[in-house]
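Q:
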Amino acid sequence: MPEKVLELREIEVRYGRLPAVRNLSLELRRGEIVGLIGPNGAGKSTTLHAIMGLVPLAAGEIRLHERPLRGQPEDRARAGIALVPEGRHIFAALTVEENLRLGLSARRSRDGVAEDRAWVTGLFPVIGEYSHRVAGTLSGGQQQQLAIARALIARPEVLLLDEPSLGLAPLIVETLFETLRTIRDGGVSILLVEQRGALTVRAADRTHVLSNAELRLTLTPRDAEHAERLTEQLTAAYLS
Amino acid sequence: MTFLQSLIDGIGLGAVYAVVAVGIGLVFGVMRLINFAYGELITAGGYTLALLSNAPAIVAIIVCFAVVVALALLQERIAFRPLRGAAPATMLIATFAVSFLLQNVYLLAFGSRGSTVGTLGGLNTAIAVGSLRIRWITIVATIAGAALLGCLTLVLNRTMIGLQLRAAAADLRTARTLGVRANRVITAAFAISGVLAASVAVLLTVQSPLVTPDYGVSVTIFALVGVVVGGLDRLWTASLGGFAIGFANAFVGDLLPSASSQYLPSVVYGLVILVILLRPSGLFAGRRATAAERV
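Going down the list, the protein sequences come from chains A and B. Here the first sequence stands for residues 31 to 270, where the numbers follow my numbering. Here the second sequence stands for residues 1370 to 1664, where the numbers follow my numbering.
Below you can see the structure in the form of structure tokens.
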């Protein structure tokens, strides 16, 4: 079994008195894609924000390589966590190349930058092609590619993706999921938050279903073989 | 001819206001904080120069830069960093507090009568071109202002810290998730704004050599007005606003009869109200400009 990279131990996040995530435990091993699906407000994005250090934990612990993961978002980025936020949050006024260079901020060493740059532009050729364009002029799909490329150029161990398929055409979404598998095969562990349940269950090694701030169900690609049963399972979990 | 003379005076004054506007705009960009204590940095530079009036000019200027940059960094570290997560109004009030505190420290240390700066006093001599009189300080201020803004543009566009500053100004939260250290970029912004304040102190004390505890207040308020007039959209609109205020001051000063010169600020502020009514986002800001894309 591959080594454990990231572990969430009974974490709890509260917004005021309202729990956004309750008693959530999950783990991510090297080279795995783990999905996190569920209805709006289930606590999926909050989980990613907690890992990145954007919201504080009310209880529990997050561990990276068996060590507690703490500190400001920039410290966590430097420890090997990268977040591709919902809505991409690329720097629209900066060029594609400048966006990519910002991704280098999280690297502790400059060694291997050229190789990683080649790897990233290999994954997303459009990044190399449009490097001098202002990022705000790219299409939605291209911006999503840039956001992922910007995260990957830091050579993270864990890639947190928050609804990468949002607003993209179906064909582009398929390509995106294929690219995610290639990235995983490159040794990056991926925690994927998605709205597209069936697609995620098929693509991920394991998919956890969150509803009402709690983990309700864990599915594997085998559960996706029977589409109708999967829909029933998901509906039951979503409504629980 | 008086028009040309006003134009020349306006350029000299405008260059100084433009530098102050950029110093304020830079910190605003990354922190969303208008530092009203910026003027006290200029005053600190003025007092340093006054104390070192007998020293060689180059020594006085170097010490002035060191003192002002150190004070800018201290402001950030002691007063603003602990309040970083606080409400914007709290931060704003804190800058007023720092401003009043420093003014009173200056009052206690140097008294209310003012200290005179002698450094670079020779730049007040003028050269005559036809019937026009151009003081050397006008030329020096213009060149220095352009050089400072040019260097800043180079730093922002060509260096990693410059890129991080621009990213932090657009979206600090996202920049931090990419590994950009908030403390580092904010410290850099304060340090650069300190360098700009020190430069203003050197240029301004040549033109008005009497440094009083509230020395930097009026220039800061005028520059802030410039920033509002120009638009906080980007640094260049802020600096253009600074220039505009310099020009307005020189022209209105020229048009007003000398007996009515005390009404100069009222007339200038009246014009500002007009601009804000007609173009609320600033004279030079794009129509669709959003506050998210500063610097």
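All C-beta atoms, glycine included, are put in the ideal place defined by N, C-alpha and C.
1. Chain A beta carbons: is any one of them nearer than 8 Å to that of B/Q1444?
2. Is B/Q1533 close to chain A? Criterion is C-beta to C-beta, closer than 8 Å.
3. Give a yes or no on whether the minimum CB-CB distance between B/V1549 and chain A is below 8 Å.
4. Taking A/G65 as part of the beta strand (DSSP E), name the residues at either end of that continuous run.
5. Please report whether the beta-carbon of B/R1545 lies at a distance below 8 Å from any beta-carbon of chain A.
6. If you draw a straight line from the alpha carbon of A/L189 to that of B/Y1407, how long is it in whole angstroms?
7. Mind checking whether B/S1562 and B/A1513 have CB atoms under 8 Å apart?
8. Apply the 10 Å Cβ neighbour rule to A/A50 and answer buried if 16 or more other Cβ atoms are within range, or exposed otherwise.
9. Could you name the residues of the stretch 113–143 of chain A whose beta carbon sits closer than 7 Å to any beta carbon of chain B, in the order they occur along the chain?
10. Terminal residues of the continuous alpha helix (DSSP H) containing B/T1543?
11. Of all Cβ atoms in chain B, is any one closer than 8 Å to the Cβ of A/E104?
12. Determine the direct distance from the alpha carbon of B/S1481 to that of B/L1420, and round the result to whole angstroms.
13. Taking its Cβ as the centre, do 16 or more other Cβ atoms sit within 10 Å of B/L1626, making it buried, or is it exposed?
14. For B/Y1416, which residues in the same chain have their Cβ closer than 7 Å to its Cβ, ignoring the five residues on either side in sequence?
15. In this structure, does DSSP put B/E1445 in helix, strand or coil?
16. Let me make sure I understand the geometry here. Which of B/Y1638, B/A1516, B/A1570 and B/R1648 has the alpha-carbon closest to that of B/G1622?
17. Among A/L124, A/L153, A/E33 and A/W149, which residue has its Cα nearest to the Cα of A/E96?
18. Does B/A1539 come within less than 8 Å of chain A when only Cβ atoms are used?
19. What are the boundary residues of the beta strand (DSSP E) that A/H22 is part of?
20. If you drop the 5 nearest sequence neighbours on each side, which residues of the same chain put their C-beta closer than 8 Å to that of B/V1633?
21. Would A/R180 count as contacting chain B if we go by Cβ distances under 8 Å?
22. Taking the alpha carbon of A/N70 as the reference point, which residue from A/V231, A/S169, A/R147 and A/L196 has its own alpha carbon closest?
A: Here's the rundown:
1. Position 75 of the second sequence holds residue 1444 of chain B. Output row for B/Q1444: interface = no.
2. On the second sequence, position 164 is the one that residue 1533 of chain B refers to. Output row for B/Q1533: interface = yes.
3. On the second sequence, position 180 is the one that residue 1549 of chain B refers to. It does: the Cβ of B/V1549 has a partner Cβ on chain A nearer than 8 Å.
4. On the first sequence, residue 65 of chain A is found 35 positions in, with the first residue counted as 1. Counted as a single uninterrupted DSSP element, the beta strand (DSSP E) harbouring A/G65 occupies residues I63 to I67.
5. Start at 1 with the first residue of the second sequence, and residue 1545 of chain B comes out as number 176. Yes, B/R1545 lies at the interface with chain A (some Cβ there is under 8 Å from its Cβ).
6. Locating residue 189 of chain A in the first sequence gives position 159, where the first residue counts as 1. Locating residue 1407 of chain B in the second sequence gives position 38, where the first residue counts as 1. Their Cα atoms are separated by approximately 42 Å.
7. To locate residue 1562 of chain B, count along the second sequence from 1; it is residue 193. To locate residue 1513 of chain B, count along the second sequence from 1; it is residue 144. Cβ atoms of B/S1562 and B/A1513: not closer than 8 Å.
8. Along the first sequence, read from residue 1 onward, the residue named residue 50 of chain A stands at position 20. Around the beta-carbon of A/A50, 16 or more other beta-carbon atoms lie within 10 Å, marking it buried.
9. Considering only beta carbons, the part of the stretch 113–143 of chain A lying closer than 7 Å to chain B consists of L113, P115, H119, F121, A123, L124, E128, R131, L132, G133, S135 and A136, in chain order.
10. For the purposes of this step, residue 1543 of chain B is taken as the residue at position 174 of the second sequence. For B/T1543, the uninterrupted alpha helix (DSSP H) run begins and ends at M1529 to T1546, by DSSP.
11. Indexing the first sequence from 1 puts residue 104 of chain A at position 74. Interface residue (Cβ-Cβ distance to chain B less than 8 Å): A/E104 is classified as such.
12. Mapped onto the second sequence, residue 1420 of chain B falls at position 51. Mapped onto the second sequence, residue 1481 of chain B falls at position 112. Using only the alpha carbons, I get a separation of about 15 Å.
13. Counting from 1 along the second sequence, the entry for residue 1626 of chain B is found at position 257. The residue asked about is misnamed: residue 1626 of chain B is Pro in this sequence, not Leu. Result: exposed.
14. For the purposes of this step, residue 1416 of chain B is taken as the residue at position 47 of the second sequence. Within the same chain, B/Y1416 has close Cβ partners Y1475, F1479, S1484 and V1580.
15. Residue 1445 of chain B sits at position 76 when you count from the first residue of the second sequence. Helix.
16. Within the second sequence, numbered from 1, the residue matching residue 1622 of chain B stands at position 253. The candidate whose alpha carbon is nearest that of B/G1622 is B/Y1638.
17. The sequence position of residue 96 of chain A within the first sequence is 66, counting from 1. Relative to A/E96, the option among A/L124, A/L153, A/E33 and A/W149 whose CA is nearest is A/E33.
18. The residue you call residue 1539 of chain B lines up with position 170 of the second sequence. True, the Cβ-Cβ gap to chain A drops below 8 Å.
19. Outside the displayed span of chain A (31 to 270) sits residue 22 of chain A, for which this structure offers no information.
20. Walking along the second sequence from the start, residue 1633 of chain B turns up at place 264. According to the sequence displayed, residue 1633 of chain B carries Leu and not Val. Non-local C-beta neighbours of B/L1633 in its own chain, meaning closer than 8 Å and more than five positions away in sequence, comprise N1618, V1621, G1622 and L1625, ordered along the chain.
21. Your numbering for residue 180 of chain A matches position 150 in the first sequence. Yes, because at least one Cβ of chain B sits closer than 8 Å to the Cβ of A/R180.
22. Counting from 1 along the first sequence, the entry for residue 70 of chain A is found at position 40. That would be A/L196, whose Cα lies nearest to the Cα of A/N70.
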